[in-house]
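As structure tokens, then:
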């Protein structure tokens, strides 16, 4: 007779087969026998979303952990909608624009349009929901690749989005406007439907971002065909960013976010008068800060770090080649890596104090920090040397966050933009606060993003005469909540105030 473990293994094999065949983590009850289904749910390998629908999960997930759901959300929406409505569905114009602008943050409510809809709200996990509206859909439907979502095309979504959406989410609207190559697709739709009022709104929107060519073409074409058209700017503010044709939504989004957020930082961060910093004196001060900094930075990431471990690493007594317990201790590897990275950061800080461009220095040096951070894991055989070769090549998720970091291809678009922004930003406080936030928002590495972001923040602070800043582990929840609010809501205020509350000002 098969043991309990053997029966569970059989059920896991069925789940694995299903996942390989369909290449997804969404499971319908009809796809597994009831015996396998109950066994997998009872052992934590499947989690029920709604009657008949499940997502893959981890048995070690803590009660209330949102990670499994947030990482599966959009794929669930796509597969559920396809199962229920076939191809006759799509997201709203507003949510279509959000996805196409590079923002796949999980919303509190996803909204589906379908002629087969029933105007029902379906409650999902963790206070999220799905509303299906019985109405017309996009024509033609744009099929998105990452999650399999049906969307409005870029042109039709810009036309059909409500006027309020331009005010409520100006970053998404401006990002999508900057992706439009010319007026052809927009004019085709507007002329076919005779939408002169929407044409005037689009002309005003394009003029707002500085694209006078498309604005003029829309106005002149409509007038030449006898339409009574009045240009109307749907935005409530002007943008200071000079319009350029953008091919990556991530490039436009990051620039617009930086532009909006820097004003918040400048309004909420204390100014100081920069004095002369002596390199030798500051390096001595930094060595005195190391023990406290290492403890808090590593503890924030969940490592168990003691004073003895820090001293062992600092004195060079950590010997994974000859000491098995050292080799197997992930906390020791993290501590050793942090020590090595800290030495590399100190070299960068010397360049900053000597007058180098702080953004350019971080651009040139952050890869060295990362390699030093994880080289002990390579020495111990935990990581391969190739794991340290550049930015990540896989999708990554942040535990418990509604924010989904950029996909690997987008990371390669975004990182040069981040360093250009750092290089050209005149205010050290803005570079420090936004540099930290943008780095973890992009999440360019599989691991170590928080530690690198805090190193980045401090190199920028030092360039403006601020002292080294330590984020205490006791305030981790506040720190993470402020980052989440900035990532999901686009509001950097809480994070700015949090960092400012920690800031000892250099005299």
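Residue numbers (our numbering): 3 to 509. We treat Cβ as the ideally placed atom computed from N, Cα and C, and that holds for glycine. Fair warning: this is a prediction, and the values are worked out from it, not measured in the lab.
Excluding five sequence positions before and after residue 145, the CB atoms of its chain that fall closer than 7 Å to its own CB belong to 152, given in chain order.
Proximity of the segment 334-342 to the segment 373-388 meets the contact definition, three or more beta-carbon pairs being nearer than 8 Å. Residue pairing by DSSP places residue 112 opposite 132 in a beta bridge. Using a C-beta cut-off of 8 Å, the segment 58-67 makes no contact with the segment 88-104, since fewer than three inter-stretch Cβ pairs fall below that distance. Each residue's CA atom was taken as its position, placing residue 504 and residue 493 some 19 Å apart.
Residue 420 and residue 250 have their C-alpha atoms spaced approximately 14 Å apart.
For residue 266, the uninterrupted alpha helix (DSSP H) run begins and ends at 251-270, by DSSP. Nearest C-alpha to residue 442 among 389, 431, 482: 482.
For residue 191, the enclosing alpha helix (DSSP H) begins and ends at 186-195.
DSSP places residue 58 in the strand class (E or B) of the three-state scheme.
Contact check for residue 115 and residue 130: beta-carbon distance about 18 Å, past the 8 Å limit, so the pair fails to qualify. In the three-state reduction of the DSSP assignment, residue 486 falls in the helix class. Each residue's CA atom was taken as its position, placing residue 299 and residue 15 some 40 Å apart. For residue 294, the enclosing alpha helix (DSSP H) has its first and last residue at 281-302.
In the three-state scheme derived from DSSP, where H, G and I count as helix and E and B as strand, residue 353 is classed as helix.
Under the criterion of beta carbons closer than 8 Å, residue 92 and residue 139 qualify as touching, at roughly 5 Å. The C-alpha of residue 343 is placed about 8 Å away from the C-alpha of residue 373.
Runs of the beta strand (DSSP E) spanning 3 or more residues and lying entirely within the segment 433-463 do not occur at all. In its chain, beyond the 5 residues on either side, 359, 361, 362, 365 have a beta carbon closer than 8 Å to the beta carbon of residue 425. Between residue 398 and residue 445, the beta carbon gap of about 6 Å places them in contact (Cβ cut-off 8 Å).
Its chain contains 252 as the residues whose beta carbon lies nearer than 6 Å to that of residue 412, once the 5 sequence neighbours on both sides are disregarded; these appear in chain order. Around the CB of residue 22, fewer than 16 other CB atoms lie within 10 Å, so the residue is classed as exposed.
In the displayed model, residue 413 falls within a helix according to three-state DSSP. If you check the CB distance, residue 175 and residue 164 do not come in under 8 Å. In the three-state reduction of the DSSP assignment, residue 173 falls in the helix class. Residue 404 carries a coil assignment under DSSP once its states are collapsed to helix, strand and coil. In this structure, residue 198 sits near residue 229, with a CB-CB distance shorter than 8 Å.
Nearest Cα to residue 457 within the set 367, 170, 475, 67: 367. Residue 427 carries a coil assignment under DSSP once its states are collapsed to helix, strand and coil. Counting only residues of its own chain and dropping the five nearest sequence neighbours on each side, residue 291 has a CB closer than 6 Å to the CB of 470.
Counting only the Cα atoms, residue 170 lies some 14 Å from residue 95.
By the 16-neighbour rule on beta-carbons within 10 angstroms, residue 40 is exposed. The beta-bridge partner set that DSSP reports for residue 153 consists of 144. C-alpha of residue 206 to C-alpha of residue 223: approximately 15 Å in a straight line. The alpha-carbon separation between residue 468 and residue 277 amounts to approximately 10 Å.
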